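**Q** Got a structure here, written out as structure tokens. Questions coming.
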Amino acid sequence: MASSRVSSTTPQRTNPATFYRQVVAELRKVVWPTRSQLVTYFWVVLIFVIVLMTFVSLLDLGFGKLVFAVFA
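Be aware that the sequence shown starts at 37, since it is given in our numbering, and climbs by one per residue.
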């Protein structure tokens, strides 16, 4: 029968300076978007939010009129 051991060690805590160096090292690996990509993503998100806002507003207006018609 195979022996399985579960390690009960907790992760090592590091001091803030080591943590900061590790964060900077990881951020250097990030592929940042170009300015044109950033502008494109901004407009896509903005248009999507406006479309959803319009959709929810129309649903709210429609359900409000429906409730008013039923209970008024």
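Every residue, glycine too, gets a C-beta built ideally from N, C-alpha and C.
These numbers come from a predicted model, not from an experiment.
Mapping DSSP to helix, strand and coil, what is K65?
**A** Taking the sequence shown and counting its residues from 1, one reaches residue 65 at position 29. The answer is coil: DSSP assigns K65 none of H, G, I, E or B.
**Q** Leaving out the 5 sequence neighbours to the left and right, which residues in its chain are closer than 8 Å to V81 when beta-carbon positions are compared?
**A** Walking along the sequence shown from the start, residue 81 turns up at place 45. Cβ within range, chain order: n/a, list empty.
**Q** Alpha carbon to alpha carbon, what distance is there between S72 and T50?
**A** The residue you call residue 50 lines up with position 14 of the sequence shown. The residue you call residue 72 lines up with position 36 of the sequence shown. Straight-line Cα distance between these residues: approximately 39 Å.
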